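Protein chains in written order, with our numbering: chain R, 918 to 1052; chain Y, 918 to 1052; chain A, 918 to 1052.
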Amino acid sequence: MIGRFTHETRGKGLHEVTRLVQQVVDRSGIDEGLCTVMIQHTSASLTIQENADPSARRDLQDWLERHVPEGDPAFTHTAEGPDDMPSHIRAALTSTTLSIPVVHGRLALGTWQGVYLWEHRRRGSGRRCVVHVGP
Amino acid sequence: MIGRFTHETRGKGLHEVTRLVQQVVDRSGIDEGLCTVMIQHTSASLTIQENADPSARRDLQDWLERHVPEGDPAFTHTAEGPDDMPSHIRAALTSTTLSIPVVHGRLALGTWQGVYLWEHRRRGSGRRCVVHVGP
Amino acid sequence: MIGRFTHETRGKGLHEVTRLVQQVVDRSGIDEGLCTVMIQHTSASLTIQENADPSARRDLQDWLERHVPEGDPAFTHTAEGPDDMPSHIRAALTSTTLSIPVVHGRLALGTWQGVYLWEHRRRGSGRRCVVHVGP
């Protein structure tokens, strides 16, 4: 079963989409299986991260800003602005697809885990994800 | 089919869990299919790496220690200690889920590949993984 | 359904394999499902990246060369040469497996996405991938 969702990000950072993914699992009616999410962009990505203290997500964002900075003079792919090339690198270092087991109709995430869409462009946009749920 | 295992790590580094994953594949009775492993934590992760020379794994650990160091003064998420925030970053840079084809009842790993649980906390703990095996 | 392909790389960089993966999907006859690709090596990896402007891929390669450089004096795993250990780290930071939903018999990639085999060794070699396609 294939589902889709679009999430409007409005700037950089980790946007939780656990509920949107779980809604596709709900619609699938599958009790035990596998749920795979793929983001159809190369300047935003996915990650499973801590859903408790927001400071962890701020520090994650800050680390990427410092270690894959905008304005690196070595970049040549700069047509779309200073946040273009860092976005591709940040996406390559994190994940474009995630597969999560489903148990009793729920994503089998750990207690402190959430599914996050990681926006790497300054302005953000409507980010499209495709979800597959199978037995 | 869903299986689970818990692996007691006792400190940082790459702990091989190939045999634990293969045992779930064995129990599934599936001859050809897909095996997905997810770790239910955000301060430990998964990777497929070389299972031959242990110096490769030591250098991997050392690289993370140097490039995502403890005690970075920019970190604000420090309530659980100096190894807390680096653990989240190290997990985001590696993998939380891995999907491996199954052929003739075996994980279709390359000759030199093993599945590793990468512990990022100093003390380690009982790390829980959920495994899905489907046709 | 399991398929395989071998891609001869002839040096470092991102080699597009979207067509090779799609060919396995075609042979499977599956209209809606999930396609998983795994590379059976630990010194090459996989990524989904921009398939339009080649400068993005050159900058990705250049970033890894600068941030996970050959000749790091801290490396001890050097038996196979200066590009050996950086290859393992670069593989750990990117992906060994990718799962992509299949819709209407096609990989459900975004408009600007392609599947790439990322060669990390100087000389390259015949890189083997295993592909699973399921409903």
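Where is the CB? At the ideal position from N, CA and C, for every residue including glycine.
All values derive from a computational prediction rather than experimental measurement.
For Val1048 of chain R and Ser1016 of chain R, what's the separation of their Cα atoms in angstroms?
Taking the straight line from one Cα to the other gives about 10 Å.
Note to self: Whole angstroms are fine: how far does the CA of Gly946 of chain Y sit from the CA of Gln978 of chain R?
What the structure shows: Between the C-alpha atoms of Gln978 of chain R and Gly946 of chain Y there is a straight-line separation of about 43 Å.
Following the continuous beta strand (DSSP E) through His932 of chain A, name the residue where it begins and the one where it ends.
That run of the beta strand (DSSP E) goes Gly930 to Glu933.
inquiry  = Once the 5 residues before and after Gly950 of chain R are set aside, which same chain residues still bring their CB inside 7 Å of it?
reply    = Only Val1019, Val1050, Gly1051 and Pro1052 meet the Cβ criterion.
- Output the boundary residues of the beta strand (DSSP E) element that contains Trp980 of chain Y. Here Trp980 of chain Y belongs to no beta strand (DSSP E); instead the alpha helix (DSSP H) covers Pro971 to His984.
For Met918 of chain A, the three-state DSSP class (helix, strand or coil): Coil at Met918 of chain A, not helix or strand.
Check: Does the beta carbon of Asp979 of chain Y come closer than 8 Å to any beta carbon on chain A?
Finding: Judged by the 8 Å Cβ criterion, Asp979 of chain Y is in contact with chain A.
Could you spell out where the alpha helix (DSSP H) holding His1005 of chain R opens and where it closes?
From DSSP, the alpha helix (DSSP H) with His1005 of chain R extends over Asp1001 to Leu1010.
Consult DSSP for Ser962 of chain A and reduce its assignment to one of helix, strand or coil. Judged by DSSP in its simplified three-state form, Ser962 of chain A adopts strand.
Next item on the list: With a 10 Å radius around its C-beta and 16 neighbouring C-beta atoms as the bar for buried, classify His1021 of chain R as buried or exposed.
Entry: By the 10 Å Cβ count, His1021 of chain R comes out exposed.
inquiry  = For Glu925 of chain Y, list the residues DSSP reports as bridge partners.
reply    = Beta-bridge pairing links Glu925 of chain Y to Y:Gly1043.
**OP:** Say whether chain R places a C-beta atom closer than 8 Å to the C-beta of Val985 of chain A.
**Re:** Not one chain R Cβ lies under 8 Å of Val985 of chain A.
*If you measure beta-carbon to beta-carbon, which residues of the segment 1005-1020 of chain R are closer than 9 Å to chain A?*
Those residues of the segment 1005-1020 of chain R that come within reach of chain A (Cβ to Cβ, closer than 9 Å) are His1005, Ile1006, Ala1008, Ala1009, Leu1010, Ser1012, Thr1013, Thr1014, Leu1015 and Ser1016.
- Query: Which residue comes first and which comes last in the beta strand (DSSP E) that contains Gly950 of chain R?
  - Reply: Start and end: Gly950 to Ile956.
message: Can you tell me where the beta strand (DSSP E) holding Leu1034 of chain R begins and where it ends?
response: Where Leu1034 of chain R is concerned, the enclosing beta strand (DSSP E) stretches over Gln1030 to Glu1036.
Residues of chain R with CB under 9 Å from Gln1030 of chain Y, in chain order?
Under the 9 Å cutoff, chain R gives no residues; its nearest Cβ is about 18 Å from Gln1030 of chain Y.
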